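**Student:**
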Amino acid sequence: MIRNDPVRLPIRVQLPLAALAVAPLACAAPADDSADDPADATDQGIEVSHTEVAEGVYQLNAGSHNAFFVDTDGGVVAFDPISIEAAVGLAVAIRSAAPDKPLAAVVYSHSDADHATGAPVLRQAFGGDVPIIAQENAFPIIVAGGDPDLPPPDITFADEMTLRFGGRAIELHYLGPSHTDNLLVALVPDAGVLFAVDFVSNDRVGYRDLPGWHFDDLYVALDRLMELPFETVVFGHGAVGDRGTIERQLAYYADLRDAVQAAVDEGLSEEEAMAWVRLDDYAHWGQYEAWFPMNVGAVYRWLAGG
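The sequence shown begins at 9 in the numbering used here and counts up one residue at a time.
#1: How about PHE207: is its C-beta nearer than 9 Å to some C-beta of chain E?
#2: Can you grab the Cα-Cα spacing for the pair GLN143 / ASN190, in whole Å?
#3: For GLY83, name the three-state secondary structure that DSSP assigns.
#4: Could you give the distance in angstroms between the alpha-carbon of PHE77 and the alpha-carbon of TYR182?
#5: Comparing C-alpha positions only, which one of ASP224, GLY175, MET302, VAL201 sits nearest to PHE243?
#6: Taking GLY97 as the reference, give the member of GLY175, ALA127, ALA194, PHE173 with the closest Cα.
#7: With a threshold of 16 other CB atoms inside 10 Å of the CB of MET234, please say whether the residue is buried or exposed.
#8: Which of the three DSSP states, helix, strand or coil, is assigned to MET302?
#9: State the Cα-Cα distance for the pair PRO301 and ARG216, rounded to the nearest angstrom.
#10: Which residues in the same chain as ALA199 place their Cβ atom closer than 6 Å to its Cβ, once the five residues preceding and following it in sequence are excluded?
#11: Note down, in chain order, each residue of its chain lying with its Cβ closer than 6 Å to the Cβ of ARG232, except the 5 sequence neighbours on either side.
#12: Once the 5 residues before and after ILE140 are set aside, which same chain residues still bring their CB inside 6 Å of it?
#13: I want to know whether the stretch 282-300 touches the stretch 250-268 - three or more CB-CB distances under 8 Å.
#14: Using only the alpha-carbon positions, how far apart do ILE149 and LEU130 sit?
#15: Distance, Cα to Cα, ALA99 vs HIS123?
#16: So for HIS123, helix, strand or coil by DSSP?
#17: Going by beta carbon distance, what residues of the same chain come within less than 7 Å of ILE254, once the five residues before and after it are set aside?
#18: For VAL21, which of helix, strand or coil comes out of DSSP?
#19: For SER186 and ILE178, I'd like the C-alpha separation in whole angstroms.
#20: Grab me the residues of ALA229's own chain with a C-beta within less than 6 Å of its C-beta, minus the 5 sequence neighbours each way, in chain order.
#21: Does ILE150 come out as helix, strand or coil in the three-state DSSP assignment?
#22: Buried or exposed for THR170, please, with buried defined as at least 16 other CB atoms from any protein chain shown within 10 angstroms of its CB.
#23: What residues match up with TYR66 in a beta bridge as DSSP calls it?
#24: Between which two residues does the alpha helix (DSSP H) carrying MET282 extend?
#25: What residues match up with PHE173 in a beta bridge as DSSP calls it?
#26: Name the two residues that bound the continuous beta strand (DSSP E) containing ALA270.
#27: Give a yes or no on whether the C-beta atoms belonging to LEU87 and SER117 are separated by under 9 Å.
#28: Among TYR260, THR125, PRO110, which residue has its Cα nearest to the Cα of ALA70?
#29: Check the DSSP bridge columns for GLU168 and list the partner residues they point to.
#30: For GLY294, does the three-state DSSP call read helix, strand or coil?
#31: Please tell me whether ARG172 and VAL196 are closer than 9 Å, where the distance is taken between their beta carbons.
#32: What did DSSP end up calling SER209 once you bin it into helix, strand or coil?
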């Protein structure tokens with residue numbers, strides 16, 4: 009749906025455009041995949057860099073977070089500015105990869121501030137009111153947040169939307185509730201590249217106790233994801249993957265559910281399940297020791313109706 013009366017929040021930041029003419033933005037801390045928290049992209053120093061993963065399709069890494077942008081004959085479409093600081097680096101990367109191209113649109117993968125903050129920087133850098141696009145459930149959440157650095161979308165959609173600029177299509181798919189009730193994935197069909205954030209990652213367990221996850225719908229969304237024709241995946245966190253990466257994620261969440269269900273059936277408490285359940289096949293994954301017990305606790309509460 010297209011909103012004819014979008015809410016406009018004032019732009020608070022005024023960054024000198026000269027800062028956007030130098031490349032790339034570099035700050036103190038090295039990148040890692042250890043967090044999904046807004047503080048990890050805004051309060052710490054970050055180093056911003058971009059990589060072409062297919063022709064005209066780019067991953068931008070900013071600390072523990074990734075953005076995504078696609079070059080078309082009609083302009084560049086940018087996904088997830090991440091933060092004010094990272095958005096400066098994103099603007100630099102876009103100008104480096106696609107000189108003299110306009111910014112055609114900004115797309116939010118979902119409403120979480122650690123991915124969606126920073127669009128005013130891109131609007132300032134490229135001029136005019138570049139449209140912001142998101143899944144429709146993100147709109148009221150962002151408006152309620154009232155953050156001028158995270159303006160609400162101008163254009164929203166329910167289930168699917170295809171952007172076409174200069175002959176290149178970019179598909180936006182809402183697969184149903186997963187991590188939040190407004191998380192979209194983006195597909196560039198001519199490159200076979202998918203952008204997927206937070207509900208899947210590259211050989212890493214889920215973030216802490218899986219906050220905001222809709223478990224009743226998650227497994228449906230994961231199955232729908234595999235119906236899309238992609239070969240390469242850019243994630244919101246971590247390294248680029250492929251279909252096999254997503255297949256391993258599906259296996260992980262299925263194995264996690266089954267193992268926790270066995271603990272529930274045995275009459276274990278949540279604390280006992282967190283101490284007892286192990287999935288050794290995934291022990292080498294990122295954040296396993298730190299976050300896996302919390303994954304167990306979250307799934308336990310879902311299965312036990314807590």
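All residues carry an ideal CB built from backbone N, CA and C; glycine is no exception. If you're wondering where the values come from, they're calculated on a predicted model, not measured in any experiment.
**Tutor:** Looking at the atomic coordinates:
#1: No chain E appears in the structure shown, which is made up of a single protein chain.
#2: 6 Å
#3: strand
#4: 19 Å
#5: VAL201
#6: ALA127
#7: exposed
#8: helix
#9: 8 Å
#10: ALA62, VAL65
#11: LEU183
#12: VAL114, ALA127, PRO161, ASP162
#13: yes
#14: 21 Å
#15: 15 Å
#16: helix
#17: VAL208, LEU233, MET234, VAL241
#18: For VAL21, the pLDDT reaches just 29, beneath the cut-off of 50, and the residue's location in the model is therefore unreliable, leaving the point undetermined.
#19: 21 Å
#20: LEU183, GLY184, SER186
#21: helix
#22: exposed
#23: GLU60, PHE77
#24: 278-284
#25: ARG176
#26: Premise fails: ALA270 lies in the alpha helix (DSSP H), 251-273, not in any beta strand (DSSP E).
#27: Before going on, a small fix: residue 87 reads as Phe here, not Leu. Yes, the Cβ-Cβ distance between PHE87 and SER117 is below 9 Å.
#28: THR125
#29: HIS181
#30: strand
#31: no
#32: coil
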